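Trainee: So that we are looking at the same thing, I have put the structure below in structure tokens.
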Amino acid sequence: TFGAMVRAPSQPALPGVKHVVLVGSGKGGVGKSSVAVNLAASLARDGAKVGLLDADVYGPSVAHMMGQGAARITANEERKMLPIEAHGVKFLSMANLSPAGQALVWRGPMLHSAIQQFLKDAAWGQLDYLIVDLPPGTGDVQLSLTQTVQVTGAVIVTTPQDVALIDAARAIDMFKKASVPVLGIVENMSYFVAPDTGHTYDLFGRGGSRKLGEQFPLLGEVPIDTDVRQDSDQGTPVVLAHPDRPAAAVLTQVARNL
Ligand code: ADP
């Protein structure tokens, strides 16, 4: 269990990288990758040097969300992987290594070494932030990461639904046991404002994250907005494509408070 595997108090920092920020969730489909991509794009737009590592090895969606699903990773003369650049963000994703539609059927140690390579055998250069999109849940990849590099902190993404919150609490507990500070919680799909009537609907309930947030700051409540999904599908994060949308404003604010 994680309890038995608490990391040493200080892992080596990643050379040249000021802050490693993990974006995690208890469950899949809550919008973790969307949050990671928008945080990275927002920080870059504000002038920071930003890297984005897609460590969601089972469902790598960062490349697609950055509009670079077809790009392929190349290496420099030192045989280090060159991150792909889009929207001012340097990123690496397994999706840019393996052909589309091909499953990654890997054992834990292979995942561990893939993550190690993405962190250490890549030419990230100088970064203010390396944002890491974790797989959902509490598994091998999360453990590898917290044991490999010094992590500034973790952002937990959840929906207000009870099952998501229960799993988010598990993810929080994992980070605590791995001595990774929890920076706070982003509640995604918090509510929906009907464009025709202006009426607000709490589709997944509301207020649950505030309970979790009694121990950790609630960093933001992001509404459901078709533009969040559409902009992702079209390869430009909503914070850049539609910065005036309320969802984009919340995500921008979360990035500025990191
Ligand atoms: P996860 O990384 O947790 O599996 P994703 O970020 O891939 O979740 O999001 C799942 C789906 O929900 C995607 O199609 C994404 O575009 C969509 N989505 C995420 N957040 C929102 C939101 N606030 N409003 C509308 N759609 C969203």
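Start counting the sequence shown at 125; every next residue gets the next number (the working numbering).
Cβ coordinates follow ideal geometry from the N, Cα and C atoms, glycine included.
If you're wondering where the values come from, they're calculated on a predicted model, not measured in any experiment.
When burial is assigned at 16 or more other CB atoms within 10 Å of the CB, is Ala132 buried or exposed?
Mentor: Here residue 132 refers to the residue found at position 8 when the sequence shown is read from its first residue. Below a pLDDT of 50, predicted positions are generally treated as unreliable, and Ala132, at 46, falls in that range; the measurement from the model is reported next regardless. Under this definition Ala132 is an exposed residue.
Trainee: Tell me whether Val174 is buried or exposed, calling it buried when 16 or more other Cβ atoms sit within 10 Å of its Cβ.
Mentor: Counting from one through the sequence shown, the residue named residue 174 turns up at place 50. Classification of Val174: buried, given that the 10 Å Cβ count is 16 or more.
Trainee: Would you decide whether Tyr253 is buried or exposed? Buried here means 16 or more other CB atoms lie within 10 Å of its CB.
Mentor: Working through the sequence shown from its first residue, we reach residue 253 at position 129. Looking at its Cβ environment, which holds 16 or more other Cβ atoms inside 10 Å, Tyr253 is buried.
Trainee: Return helix, strand or coil for Thr90, following the three-state DSSP convention.
Mentor: This structure does not reach residue 90, given that the chain is present from 125 up to 382, and the question cannot be answered.
Trainee: Which of the three DSSP states, helix, strand or coil, is assigned to Phe215?
Mentor: One-based indexing of the sequence shown puts residue 215 at position 91. Correct three-state label for Phe215: strand.
Trainee: Would you check if the region 244 to 260 and the region 146 to 157 touch, i.e. whether three or more CB-CB distances between them fall below 8 Å?
Mentor: Touching, per the Cβ criterion.
Trainee: Does the beta-carbon of Ala160 have 16 or more other beta-carbons within 10 angstroms, so that it is buried, or is it exposed?
Mentor: Translated into the one-based positions of the sequence shown, residue 160 becomes position 36. Buried, by the Cβ-count rule.
Trainee: So does Pro284 have its beta carbon nearer than 7 Å to some heavy atom of the ligand ADP?
Mentor: By 1-based counting over the sequence shown, the position of residue 284 is 160. Outside the cutoff, so no.
Trainee: For Ile208 and Ala195, which I take to be in contact (beta-carbon distance under 8 Å), what is that distance rounded to the nearest angstrom?
Mentor: Position 84 of the sequence shown, counted from the first residue, corresponds to residue 208. Position 71 of the sequence shown, counted from the first residue, corresponds to residue 195. With a Cβ gap of about 5 Å, Ile208 and Ala195 count as contacting.
Trainee: Hey, is Ile255 close to the ligand ADP, as in C-beta under 7 Å from one of its heavy atoms?
Mentor: Walking along the sequence shown from the start, residue 255 turns up at place 131. No; taking the cut-off as 7 Å, the Cβ of Ile255 has no heavy atom of the ligand ADP nearer than that.
Trainee: What's the C-alpha gap between Ser356 and Gly153?
Mentor: Your numbering for residue 356 matches position 232 in the sequence shown. Your numbering for residue 153 matches position 29 in the sequence shown. Straight-line Cα distance between these residues: approximately 14 Å.
Trainee: Examine the ligand ADP and report whether any of its heavy atoms sits within less than 7 Å of the Cβ of Ile290.
Mentor: Looking up residue 290 in the sequence shown gives position 166. Result no, Cβ not under 7 Å from the ligand ADP.
Trainee: Near Leu138, what residues of its chain come up, given a Cβ to Cβ distance below 8 Å and the 5 sequence neighbours on each side ignored?
Mentor: On the sequence shown, residue 138 is found 14 positions in, with the first residue counted as 1. Same-chain partners within the cutoff: Val144, Leu243, Lys244, Trp248, Leu254, Val273 and Gln274.
Trainee: Tell me whether Val181, by its Cβ, gets closer than 7 Å to a heavy atom of the ligand ADP.
Mentor: In the sequence shown, the residue the question calls residue 181 occupies position 57. Because no heavy atom of the ligand ADP lies under 7 Å away, the Cβ of Val181 does not count as near it: no.
Trainee: DSSP three-state label for Val186, please.
Mentor: For the purposes of this step, residue 186 is identified with residue 62 of the sequence shown, where counting begins at 1. Helix at Val186.
Trainee: Is Ile296 near the ligand ADP, in the sense that its beta carbon is under 7 Å from a heavy atom of that ligand?
Mentor: Within the sequence shown, numbered from 1, the residue matching residue 296 stands at position 172. Ile296: no, Cβ never under 7 Å from the ligand ADP.
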